[in-house]
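Inspection log for the structure reproduced underneath, given as structure tokens.
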Amino acid sequence: MTTRGRASAREKAVGALAQMTLVCDRCRARFEPAGSPGRCQCGGLLHVEFPLAEVVERTTFDVRLSSWQALDRSGVWRYRELLPPLPAAAIVTRPEGNTALYQHPQLTDWTGCEELFLKHEGENPTGSFKDRGMTVAISHARTIGAQAVACASTGNTAASVAAYAALAGLPSVVFLPAGKIAAGKLGQAIAYGARIVQVEGDFDAAMRLVEEASRELGLYLLNSVNPFRLEGQKTIVFELLHQLGWSVPDWIVLPGGNLGNAAAFGVALAQLRDVGWLERLPRLAVIQAAGAAPFYAAYRSGFREFRPVAAETIATAIRIGNPVSYERARRAIELTDGLVDTVSDEEILEAKARVDRTGNRVRTGISCLGRRRSQARRARGHSARRSSGGDSHWSCLEGSGCSLGVSSRGSSTTARETAGDDRAHPRRVGRSIGSCVVKCVSRLRVPISDPVSTCWRWPSAAIFRLVTSWTRRSASFG
Ligand SMILES: [Zn+2]
């Protein structure tokens, strides 16, 4: 790029950032979006405020479906008028989204409703809905001139971060909690060029370390506290309603772990209502695994109390006892007069098998099952709240990152064994990561130079020196 071109790109970036403000959900403090967005000092989550672009006609989105322009092809940026106004030159897109809606008579019969659509978010570029949020967050990272990115992850996020960082030409570092790995996803992240730090402790320990590393080293943090990721996840709802010709389903059913999607869906629906594109709101049903159901417990108490739990379920991506987006998800349920329900691990495996048999491989089938369960309860008169509309029209979100642990071998036995790995000795976990790396590298013929470092008992300063050496090419780590 010429000097003049660079200056013009900088001006556009500054202009775009000036239109956005980060606002704390809890204390309403306001921040400029010029750095890596984490939490507010009060501990609250931030959200992005921006003026909606000139409201376009809905037919604009139909026209974009026949375009070959990268932003129009993306199932996220197609709806850019409803997203933070990042400069086009900074946008990094695969393109993501464009996930299909499926209908299967067997599943419709099994769930007991008249019409059922499955939206398969596993069809995103790296295999999970995380790509939708990642394209927006990485594009913001480029807009502010970030030099390296980082996340704590057990699987899907790592793969998505690594892929989008590679596409943006940025180094990426993944902090991995010992014994909580989805090896297939980790192999994917390594193949995309991410560097991995294994740390002793659980996901929360890895999260604390990556937040500290982000502050100390200036790494751009890509975990779900990043408000730009939630912005991208809103497009699941935009695309779903677009595919249904903007006719509103009675219910949208989705799995609930960290509750980021439930929160994003609530925001997206409120936005569509505000621009006058929905004649009514669909109701949201969030389904949790019985062993990891703090949101369900809060719902049963009328949201009077919320208590984190020690989570245990084979569905590793929703094995979360203290969901980050609890408050926002609660608002989404209240906004849509929604409901929360639970299913057992045995039921999850049965539902997965049923959905798989329709030719759609998913990780859990939990949404479909939730639909069936809620229908059955209603039939028995146990519904928590009376349905306000007919039950003819449902949309379920599947394959959205509800990983069954190591799913590369695909059997339920493997999933159970993997779930049991939580208490595995660090050396055993280290060996299994090692064999995953070797397999992945030998298949791809990539030269291996210790992409995984094991830092069981290292002080954080030593870990940060290692990370700095990996990201050394960046001027900011000088
Ligand atoms: Zn605050």
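Using this note's numbering, you'd call the opening residue of the sequence shown number -12 and step up by one each time. Heads up, the beta-carbon is just placed ideally off N, CA and C, and yes, glycines get one too.
Where residue i falls, given that 16 or more other Cβ within 10 Å makes a residue buried
| i | result |
| --- | --- |
| Q93 | exposed |
| L52 | exposed |
| G263 | exposed |
| E83 | buried |
| Q90 | exposed |
| T98 | buried |
| T(-10) | exposed |
| S61 | buried |
| A165 | buried |
| A285 | buried |
| A193 | buried |
| E497 | This structure cannot settle anything about residue 497, because the visible part of the chain is limited to -12 through 465. |
| G(-8) | exposed |
| A298 | buried |
| D176 | It is Ala, not Asp, that sits at residue 176 in the sequence shown. Looking at its Cβ environment, which holds 16 or more other Cβ atoms inside 10 Å, A176 is buried. |
C-alpha gap between residue i and residue j, whole angstroms
| i | j | result |
| --- | --- | --- |
| D332 | A302 | 8 Å |
| T329 | A280 | 7 Å |
| A3 | P74 | 6 Å |
| G174 | G180 | 10 Å |
| T457 | T46 | Correcting the residue identity first, residue 457 is Trp in this sequence and not Thr. Distance between the alpha carbons of W457 and T46 is about 47 Å. |
| G243 | A137 | 24 Å |
| S399 | G278 | Bear in mind that a pLDDT of 29 at S399, under 50, signals an unreliable position, so the number given afterwards is only what the model happens to contain. Rounded to whole angstroms, S399 to G278 spans 17 Å at the Cα level. |
| E187 | F162 | 10 Å |
| A449 | S23 | 23 Å |
| A304 | A150 | 19 Å |
| A5 | R344 | 50 Å |
| G114 | T86 | 11 Å |
| A257 | P295 | 28 Å |
| Q220 | E334 | 27 Å |
| P158 | A338 | 39 Å |
| R(-3) | G109 | 36 Å |
| A402 | A(-6) | Residue placement at A402 is poorly supported in this model, since its pLDDT is 31, which falls under 50; the coordinates still yield a value, given next. Their Cα atoms are separated by approximately 52 Å. |
| T141 | T300 | 15 Å |
| V184 | N143 | 16 Å |
| R452 | R306 | 32 Å |
| D189 | W55 | 44 Å |
| A178 | K172 | 10 Å |
| M121 | P214 | 11 Å |
| Q134 | A77 | 14 Å |
| Q230 | S447 | 48 Å |
| C11 | G30 | 9 Å |
| E68 | A40 | 5 Å |
| N347 | R182 | 32 Å |
| T130 | A276 | 38 Å |
| C14 | V254 | 19 Å |
| D261 | L196 | 40 Å |
| R65 | P72 | 13 Å |
| R26 | D191 | 15 Å |
Cβ-Cβ distance between residue i and residue j below 7 Å
| i | j | result |
| --- | --- | --- |
| P112 | R81 | yes |
| G357 | L271 | no |
| A152 | R216 | no |
| E314 | V35 | no |
| L241 | P310 | no |
| V273 | V327 | yes |
| V79 | A155 | yes |
| R119 | V63 | yes |
| F290 | R317 | yes |
| A319 | F252 | yes |
| Y207 | A139 | no |
| L88 | K106 | yes |
| V50 | V454 | no |
| V148 | L209 | yes |
| A250 | S312 | yes |
| L32 | P20 | no |
Residues sharing a beta bridge with residue i, DSSP
| i | result |
| --- | --- |
| Y207 | V136 |
| C14 | BP columns for C14 are empty, so no partner. |
| R(-9) | Beta-bridge pairing links R(-9) to no other residue. |
| R195 | R195 is not bridged to any residue. |
| E36 | T8 |
| T329 | Q275 |
| L163 | Q185 |
Residue-level contact to chain C via CB, residue i, 7 Å cutoff
| i | result |
| --- | --- |
| E110 | Among the chains of the structure shown, chain C does not appear; only one protein chain is present. |
Legend entry - Validate contact between the region 229 to 243 and the region 197 to 212 using beta carbons, cut 8 Å, 3 pairs: no
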